[in-house]
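Chemist: So the protein sequences, as listed, match chains Y, U, L, S and V.
Just so you know, we're using our numbering here: the first sequence kicks off at 1 and counts up by one.
Just so you know, we're using our numbering here: the second sequence kicks off at 176 and counts up by one.
Just so you know, we're using our numbering here: the third sequence kicks off at 703 and counts up by one.
Just so you know, we're using our numbering here: the fourth sequence kicks off at 1389 and counts up by one.
Just so you know, we're using our numbering here: the fifth sequence kicks off at 1885 and counts up by one.
Take a look at the following structure, please.
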Amino acid sequence: MELTTLLFYLFALVTVSAATKMVLSKNIVHSAFALMFTLIGIAALYVLLYADFLAATQLLVYVGGILILILFGVMLTSQGHSFSSTTVTVNFVPAMVLSVTVAAILIYAFAATEWTLTEPVERTDTVYDLGMLLMGNYILPFIVVGILLLVAIIGAILMSTRMAAVTGKSSNSLR
Amino acid sequence: MEFHLLGIGILTWIVFLPIAGMVIVLLLPDHNRQAIRWTAAVVTGAQVILAGILYGTFDRSMTGINNADSFQFIEQFNWISVEAVPWFGKIEINYFLGIDGLSILMIILSSIIGLVGVISSWNIEKMTKGYFALYLLLLTGMMGVFVSLDFFLFFIFWEVMLLPMYFLIGIWGGPRREYAAIKFFLYTFAGGVLMLLVMLALYFSVAYVNPAGESVHTFNLLHMMNPDYYVDGSILSGVDTTWRYVAWLALFISFAIKIPLFPFHTWLPDAHVEAPTPISVILAGVLLKLGTYGLLRISFPVFPDGTNYFMFLMAILGMISIIYGAFCAMAQDDFKKLIAYSSISHMGIVVLGIAAMNTQGMVGGVLQMFNHGIITAVLFLAVGVLYDRTHTRGLNDFGGIATQMPRYTGIAMIGMFAALGLPGFNGFVSELFSFLGAFEAFRWVTIISVSGIILTAGYILWTVQRVYLGALPEKHKNLKDLTLREMFAFIPLIILIVLLGIYPAPAIELMNVSLSHLVEIVTGGAP
Amino acid sequence: MYVQLSLLILFLPLLGFMILIFKGKKLSGKADWLATGLLSLALVFSLVLLVLKLTGSPDETLTYVFNWIVFTDAMLVGSLAIEFGIMIDNLTVIMLVVVTLVSTLVHLYSMMYMKGDKHYERYFAYLGLFSFSMLGIILTHNLLLMYIFWELVGISSYLLIGFYYEKKSATNAANKAFIVNRIGDFGMFIGIMILFAGFSTFSFGALFDSIAAGQLPFGSEGWLTASGLLIFCGAVGKSAQFPLHVWLPDAMEGPTPVSALIHAATMVAAGVYLVARMFPMLTEDALLIIAYTGAFTALIAASIAVTQYDIKKVLAYSTISQLGYMIMALGVGAFTAGIMHLITHAAFKAGLFLGAGSIIYAMHNVLHDQHDHKTDAQDIRNMGGLKSKMPVTYWTFVIFTLAISGVPLTSGFLSKDEILAGTMAFSSLNGHWLLPLIGLTVAGLTAFYMFRLLILTFHGKPAKESILNGIKESPKLMTIPLMVLAALSLFFFYSINPFGAPGGWFYSVIERPMSIVPGNLQPAGHELFQDAVKSVHAMVMTLSVLIAAAGILFAFTVYQWKRVSADQLAEKAGVFYKGSVNHWYFDKYYNQLFVDGTLAVARILHWFDVNIIDGIVNGTSVMAKGVARLSKWIDTNGIDGLVNLTAWVSQGSGKQLSKIQTGRVQTYLVYVAFSFIVFILLFNRI
Amino acid sequence: MVENILHSISHFFPEIVIVITLCVIIIADLFVKKKSHTTGWILFCGVALAGFFVFLQTGWNESVFYNMVAVDPFASFFKILVVIISLFVILFSMKSGELDEYKVRISEYYMLLAGMILGMFLMVGSTNLLLMYLAFEMTSISSYVLTGFTKRSEKSAEASMKYIIYGAVSSGIFIYGISLLIGITGEMDIYGINAILVSGIDQPLILSISVLMIIVGLGFKLAIVPFHFWAPDVYEGAPITIAAFLAVASKFAAFAMLIRFFTVSFMGAGGIGELGVWQTLEGMNWNLVLAVTAALAMIVGNLTALRQDNIKRMLAYSSIAHAGYILMGLVVLTNEGTAAILIYTFMYLFMNLGAFYVAMLFSNQLKTESIEEYKGLGYRAPFVSVSLTVFLVALTGFPPTAGFIAKLYIFGSAVSAGWFWLVTIAGITTVISLFYYIRVVRNMFLYRPDEAVLPLQFDLASRLILLFLLVPTLLLGIYFTPVIEFARHSIKMFGV
Amino acid sequence: METTLQWLASPGLPHFLIISAMLFGLGLMAVLSKRNVVMVLMGVELILNSANINFIAFSRFTDFSLNGQMIGLFVIIIAAAEAAVALAIILNIYNRFKTINLDEVNLLKG
């Protein structure tokens, strides 16, 4: 039972439990923070998987970016003035059943499959190789994702900015 | 047999003249009703003339049916032809027109009825333009079905008729026109889908090797009639296989709906009652014949085995239709409904006749198709005349019309008695031969069916009594007798009724050879 | 020569019909002369033909044939030709004369009787049409053509019965006549079909030859008998035999001359003619059934005639019973007697009707002058004592009455007592004693009711003096035909010997044809039969005369000298009286059974059509929902309800399906996840 | 490495043109005055140009960017389809009344449209799972936003939200499936995967799960039952132009992707056999799965459409049903089936766009999308109504319209492969479909309008556009050889 | 027993996969059951992350090597973009409906 194993289980526990907390908690802010822990845990797992760059990105983008975004969203859209906005769950039972079944099926499948494993290579750092790949085989996805971000930004702006109210609500006209 | 006009075959002319007419009509200004009507009249007149030419130049001794060389006025060229690719043979759809003894009579019928229809729709005031445009389109569809020898073409023309019909009933029809129109549409469309499936099944089972040595899938009906062209192992190859029976049934249903045969007939009364007079005339005069024509042109020669297998079923259904239609007709108070049901009964005779599978029966059946077309046309025109004047069709609202409108009554009576199968009128001849033929094949079925003539006499005479005889009610004291235009609509039909009644040979010799051949194909065993 | 003549005879009346129907109005009253002229021309021709034939070639049968339709290379039969053609033998020419003669006389008569009718021309046109088709029946050489003309006389009788088409009763009678005939024709048609299917020909000659050659339809003797009887059905219809006799009395709604021509002399006799034509191929059983049918008809008709008061009705029933006589005669094999009776009967019954016509004419005029529209001009109770006022009518009427009652020196006596002899002989051969018994009874009854008629009409006191005073003898045009017919009702036209026809020319030209059916089905041989007839002849003659005399006497005692009160008799008769007055309830029950029955069936089927079949079509669940609700639903939902095949179902399911579309993303996602799992579990092969 | 990239770029002009156009629009947006469709015209030209380059590529058949994108007839076919559709949609957008209120933002609209087009181009071409995912996302994200473009209408906003949530989840499932597939095969481009599968790995369960997850993802784009639920809501909420675009273009792109993915990665060693491509995937009997989904799509789509009153919603359901019909061609993944699908898509394009366009024209004038409001339009706007009739009749599949030919070939492929029960269902549902299509026609023609109402006026341009849609719909029904030839030569994919 | 312990003792590919499976399930759970759109969004993020774990695990344990990480990178980016757009749309919804509860935003149905 060496360290990595221990760490693995630790982080796994953190991740999963935090995720569970996130799903089950009634308070949206709590779940947001739970999500943060989940993401950190995942980052840690990445590290265990020798994906240091990924782990960093995960921390930066998710914890630093998406999560903040979400929190902003929460605040901007929190009903009323009471900050502790609680979220009720709809069709809980079917959701429970289904998600458990899906997870079960997946786990069974994973367990049932024997994967073509190779001896894990110990990498010192992955950044350089990733860079090379990005400029090489992955040039096209790289560009595409750039454009995608551009489009996304345009869209986000378009959606989020309030428009000068024009007389005559178009929504009526469509009824 | 060749006959060209401006380098275009006569059949193409006769089929597509109405389309040309339609274009002209559409170009004409809305308000210029007279011009529109005259265009339609001229076009249909031209059709009649062409039909006359066909009749004149038609070679009575050529068989046709399943043998391409013995068809007449053939026009054939590749319409759709897609090069073969490694994984699929050549695709070929032909523009293949031609007529034989089976179709010539139908062509004459539909051309005449077409003209009559135009004359009788002279007084359509509501959206005349649209009306005649649709009407002409309808005519093209009818003609096309009768001349096309390529299943694909046949199907297209078949379906082309539906939409105009829908509108003609739906827009110019009576109070419950929507119901009638959609009912007609759905029934026929359902039939059409069945036919489509069978058509595809045939298409994939039939392939011939063309001069270039590549195997070509084709919609050519004549190839479909030839057992050698069936690809081994394809669904419809072989004889007396379940699939062939299924296909036959599907096809039969799609035609039976059109005939209409019990129990697929319920669309007919509604459609007739709601449709405007000329459309009823077309509907009863020609459209119903498409069903039986389809049976003879496609079901019988393509599936002889199926036909033999289901012959008795056909006879039984024919019998039921005869008796059942007659009884239902007797229960009607609505003049048009009565005639509608009588049509069911008379078409039953056709089915019985052709199911007999012998020359007399076959000839009788086809002749009955023609005669019934003429006779019901007269009857519906007669109803129309009354309806125009009194705006009612209730049999009990009339009486004593004979005193007020003697000329009209005379003509209507002729129609009635012809429908009743009175010797001297054409109805008798065809019924006679249908029954004679059928009797040789199915004794008891025929005997029961013949009892239909009593019922027919019953309801016809009863109608005559209720409408034309008896005392004239006050409200009808000032009805006008037939106008000249109406006479024009009636006269040709009446002449035909009497002529063919006295000497049917001219009509029979047209189809004699072909039909005997058809009988041989079917009874001569499987493909 | 023969052929051209006969064709002329055939088509002259048709010509008249054509001209009158199209140009009738233009002829401005000359129409009648035209028609009559053409007819009399035909009469002349047929007389010529008669003489030529009987003198020239008495015992050969000429046929003239052309192909009507030819089916080339039909299956099995090769080239199949449907022939039309005419056949001339002695029977034909005699019948031609009879028909044309009576027809001409009736034409003449009608010119006066129908004068001033608003469809005068049309009337003569119809008469022409009728004569044409009747002559056709006589001349044809094959069954098909026979059937065709058969129908044509049917239609012309329909037109003539319904001539006063404003009268509901008239049109009803016309319909009844046609439809009842159709029922007979239905049988006849099937019979023809059997023969055609068997021998694929229609012409008598060919048929008889092939039967004589030993072929049978469908190879069974049963079918031969059946075909014979089925064709006889046609005769039953036309000749108003039981059970289809009900139409003839009603047919009296037509103009009286028409009744004389069609419903007494010619058309109704067509049935007899048909049987005569088919005679050779009728098997013994068939003949027996025919004989009994005839006998029974004769009896019931006579029994009904006894109690009728409408002058035309009485005559109608007497016609029926006389026709029964003829049929019976043919049935028992007294071929010649039957035919002869046909002809004699044609003469005197036509006379009777015309006489009745002239009475009615007179009565009608009187009533019309007196503006009396209540009293029925045809009811003999309103007559009486006319003897003095209209002598010609009276005396001719007496002659006819004597003739029909079978009093010696009249034509009726000759034929009738031959028939009786025939029946007697028949029974003596194979013990069907019922037939002669009925024959004699009917003879008695006939004598009785005919004299009852005579007495009530002409003798005794008039019901109303006023009427009697007004009565005038009918004009010449109407009396001349009467006289002619009266003359023809005397014996010497048919045989020199007033007490035995067999010596006469008629017997020499008309002989019973040889039966050609297989031996075991043959009726008794001809010679045998002839001997039997000879043996019983004298006895029968006396019997018949006595019975006739008795009948007449009884009639006088009851109605002339009033020794016995008719009412008391009625009392005594009880059931029989009631039955007879009500025509033995035939009409009543036929109406209930057939007419109402058919209509009921029709209504049921129609209901079935509208509700059940459409119902099924309107979707399966309809059956559950109930028909009534369906139709209501159709009307309410209008078109939306009417996706015929699938409407009900698909509309419903469509609704359910759109319920699934809750609009909640998460519900959707639940579905997705669910279907994912389902797919995994369902379609996994492991 | 560099030369490879350069070579690839030389094969990549259409996409590049689109990207450039996008940038040009962004720049132009700063200068051109608002409330004009200038940017729209720019996009129009850009797309047309791209179309031109695609046209130049006909017959090319290779794979570029390290086997990430295939430039082959199959891709070109769909690119051309996308181009045609886009051109029409751009024109629609210029005519659309509801967009006019957002003139200020119209250039963003066109930018996103450009993004969507690019995404589709990549979708139809990509042979690499990662790129597939990216393209998929590109299309989706822009379409989410476009759906919500008419911000002031609640419906639009709601639609966009539903769309994005549904889409996000499906794409999540999609990528998860991809991850599994990659994991089990260790390859990320479909050729490699095919190689592995052919060489034979015995992991049916995990394989099935992954493929099924991918189907879920794509099924969302195709809107086939049971993944269709978003479609009606989104179509109804979205601007008609976008609804049309989604109903036709993105659906086709997804089909292209699906077909390519299945065909290439699962075909047997000997290429495509008689039985289609399924023998390498023994885990499930896939064509049964697809057959069931197809049947469900036809039934559900057609039946639910019966109840609809909003024409957009009705068309949404009808397009679901049509997806079912197209799927019939996929059930038997033989060349014949594929060809039938290509034919169908080509024909379907015109009639469906036409139907949507007419709906737009009417809603511009009448401010309604309810079918009940269409009563008597046949007399107020004859030409437009007649063309709508033609389109609907074509959708029903009547000869002699393009729709019939489409159905003919799709049914034909199924019949020839012996899927009779499927074809029967298709036939029955076709009959059902007649009813809701004809209902519109009936409302337009079988009711006379009261005399008061005025006839509708349409400017020449809109009528011209209509004509451009109408003519092919009729013409292709009568003479369709070129389409078939085109389709049959376009089924060639790189590496097949 | 031994084997189980041993299996537990050396965390390999299956372990990570199982975690990802769990996360996937939880994400799905959140997506299906939460009324609040933002929560649903978090669920989606969870799903994406679970996929990512797969990729990276594969990159470690199979010869898929770095490609896995590459894809992971892209997925993260996509997730970010998607989240941004989603939140923008949610804001829009909030402006229209004054709520971000999914079941209260329900004009389109049937």
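Built from N, CA and C at the ideal position, the CB exists for glycine as well.
#1: Evaluate contact between the segment 1576-1595 of chain S and the segment 1931-1938 of chain V, counting only Cβ atoms and requiring at least three cross-stretch pairs below 8 angstroms.
#2: Hey, how far is the Cα of Met580 of chain U from the Cα of Thr658 of chain U?
#3: Please classify His1073 of chain L: is it buried, with 16 or more other beta-carbons within 10 angstroms of its beta-carbon, or exposed?
#4: If the criterion is Cβ atoms closer than 9 angstroms, does the pair Asp1460 of chain S and Phe1882 of chain S meet it?
#5: Looking at the C-beta of Gln1294 of chain L, does it have a partner C-beta in chain V at a distance below 9 angstroms?
#6: Quick one: does Phe1401 of chain S have its CB under 9 angstroms from some CB of chain U?
#7: Are Glu1624 of chain S and Arg1701 of chain S closer than 9 angstroms when you measure CB to CB?
#8: Gln247 of chain U bridges to which residues according to DSSP?
#9: Skipping 5 residues on each side, what residues in its chain have a beta carbon closer than 6 angstroms to that of Ala55 of chain Y?
#10: Counting along the chain, where does the alpha helix (DSSP H) carrying Thr4 of chain Y start and finish?
#11: Taking the alpha carbon of Thr802 of chain L as the point to measure from, which residue in L:Leu712, L:Asn874, L:Lys869 and L:Glu1229 has its own alpha carbon closest?
#12: For a test of the three-state rule: what should DSSP assign to Lys1634 of chain S, helix, strand or coil?
#13: Please compile the residues from chain S whose C-beta is within a distance smaller than 7 angstroms of the C-beta of Glu353 of chain U.
#14: What span of residues does the alpha helix (DSSP H) with Ala1875 of chain S cover, start to end?
#15: Would Met895 of chain L count as contacting chain U if we go by Cβ distances under 9 angstroms?
#16: Would you please verify whether the beta carbon of Gly1354 of chain L is less than 9 angstroms from any beta carbon of chain V?
#17: Do the segment 207-224 of chain U and the segment 284-295 of chain U make contact, defined as three or more Cβ pairs closer than 8 angstroms?
#18: Rounding to the nearest angstrom, what Cα-Cα distance links Val804 of chain L and Thr1046 of chain L in this structure?
#19: Between Ile1872 of chain S and the rest of its own chain, which residues show a CB-CB distance below 7 angstroms, the 5 nearest in sequence each way excluded?
#20: In this structure, how does DSSP classify Val1407 of chain S when only helix, strand and coil are distinguished?
#21: Using a C-beta to C-beta distance shorter than 8 angstroms, which residues of chain S count as neighbours of Val257 of chain U?
#22: Check whether chain V comes within 9 angstroms of Ser1587 of chain S, counting only Cβ atoms and requiring the distance to be less than that.
#23: Whole-angstrom Cβ separation of Ser1528 of chain S and Phe1537 of chain S, contact assumed at under 8 angstroms?
#24: Name the residue from S:Tyr1454, S:Ile1759 and S:Met1511 whose alpha carbon lies nearest to the alpha carbon of Phe1640 of chain S.
#25: Going by Cα to Cα distance, which pick from S:Lys1609, S:Ser1396, S:Tyr1579 and S:Leu1810 is closest to Ile1371 of chain S?
#26: When Cβ atoms are compared, which residues of the segment 312-341 of chain U fall closer than 9 angstroms to chain S?
#27: For Phe346 of chain U, return the contacting residues in chain S, with the cut-off set at a CB-CB distance below 7 angstroms.
#28: Taking 9 angstroms as the cut-off, decide whether the C-beta atoms of Gly1108 of chain L and Ala1250 of chain L are in contact.
Modeler: Here's the rundown:
#1: No: the two stretches stay apart, fewer than three of their Cβ pairs being nearer than 8 angstroms.
#2: Answer to the nearest angstrom: the Cα atoms are 11 angstroms apart.
#3: Result: exposed.
#4: Less than 9 angstroms separates the beta-carbon of Asp1460 of chain S from that of Phe1882 of chain S.
#5: It does not: the Cβ of Gln1294 of chain L has no partner Cβ on chain V nearer than 9 angstroms.
#6: Answer no: the Cβ-Cβ gap between Phe1401 of chain S and chain U never drops below 9 angstroms.
#7: In this structure, Glu1624 of chain S places its C-beta atom within 9 angstroms of the C-beta atom of Arg1701 of chain S.
#8: Looking at the DSSP assignment, Gln247 of chain U forms a beta bridge with U:Ile274.
#9: Same-chain partners within the cutoff: Ala43, Tyr46 and Val47.
#10: Taken as a continuous stretch (DSSP letters only), the alpha helix (DSSP H) holding Thr4 of chain Y covers Leu3 to Leu24.
#11: Checked all of L:Leu712, L:Asn874, L:Lys869 and L:Glu1229; the closest Cα to Thr802 of chain L is L:Leu712.
#12: Reading off the sequence shown, one finds Leu at residue 1634 of chain S, where the question assumed Lys. Reduced to three states, the DSSP call for Leu1634 of chain S is helix.
#13: The CB of Glu353 of chain U comes closer than 7 angstroms to the CB of Arg1830 and Leu1834 in chain S, given here in chain order.
#14: If you look at Ala1875 of chain S, you'll find it in the alpha helix (DSSP H) that goes Thr1869 to Ser1878.
#15: Yes, because at least one Cβ of chain U sits closer than 9 angstroms to the Cβ of Met895 of chain L.
#16: Cβ-Cβ to chain V under 9 angstroms: no for Gly1354 of chain L.
#17: Under the three-pair Cβ rule at 8 angstroms, the segment 207-224 of chain U counts as touching the segment 284-295 of chain U.
#18: Val804 of chain L and Thr1046 of chain L have their C-alpha atoms some 12 angstroms from each other.
#19: Excluding positions up to five away in sequence, the list reads Ile1731.
#20: Note: Val1407 of chain S maps to helix in three-state DSSP.
#21: Counting only Cβ-Cβ distances below 8 angstroms, Val257 of chain U has contacts in chain S at Thr1869, Ile1872, Glu1873 and Arg1876, in chain order.
#22: Under the Cβ distance rule, Ser1587 of chain S does not count among the residues neighbouring chain V, no pair being separated by less than 9 angstroms.
#23: At roughly 15 angstroms, the Cβ-Cβ gap does not stay under 8 angstroms, so Ser1528 of chain S and Phe1537 of chain S are not in contact.
#24: Here the closest residue by C-alpha is S:Met1511.
#25: With chain S running from 1389 to 1884 in the structure shown, residue 1371 of chain S is simply not present.
#26: From the segment 312-341 of chain U, only Phe327, Phe330, Ile331, Phe332, Trp333, Glu334, Val335, Leu337, Leu338 and Tyr341 have a Cβ closer than 9 angstroms to chain S.
#27: Residue identity check: residue 346 of chain U is Ile in the sequence provided, not Phe. Here the neighbours are Phe1833 and Leu1834.
#28: Cβ atoms of Gly1108 of chain L and Ala1250 of chain L: closer than 9 angstroms.
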